[in-house]
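Student:
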Amino acid sequence: MRVGVLASGRGTNLQALLDRVHGREGIEIVAVASDKPGARALERARAAGVECASFPVAMHGERESRDRAMADWMRERAVELVVL
């Protein structure tokens, strides 16, 4: 299963997923998205070789546009499950 993760902070939940389920039993974390460009979660994703991107509201004009852009980005990566 291709998993996408939404994160906005230090990425401790992301790290737990990377440590415990990534690459096991058909589960692969393939994308990490954040609303904060400086989120530590993005650094953790990069270190694990997982594609990541930031989607600050300011760059999209409003939250709804940002959410759409983030959802489109996840779809383009064939994410089957998104976790927070």
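Position in the sequence shown (first residue = 1) + 200 = the numbering used here.
Each residue gets a CB set at the ideal place from its N, CA and C atoms; glycine is no exception.
(1) Would you report the Cα separation of R220 and L214, rounded to the nearest angstrom?
(2) In this structure, does DSSP put V232 in helix, strand or coil?
(3) What residues match up with L206 in a beta bridge as DSSP calls it?
(4) For a cutoff of 7 Å on Cβ pairs, would you count D272 as touching chain C?
(5) So if DSSP puts A253 in a beta bridge, which residue, or which two residues, is it bridged to?
Tutor: The answer reads as follows:
(1) 10 Å
(2) It is a strand residue.
(3) As computed with DSSP, L206 is found in a beta bridge with A233.
(4) You won't find chain C in this structure, because it holds only one protein chain.
(5) A233
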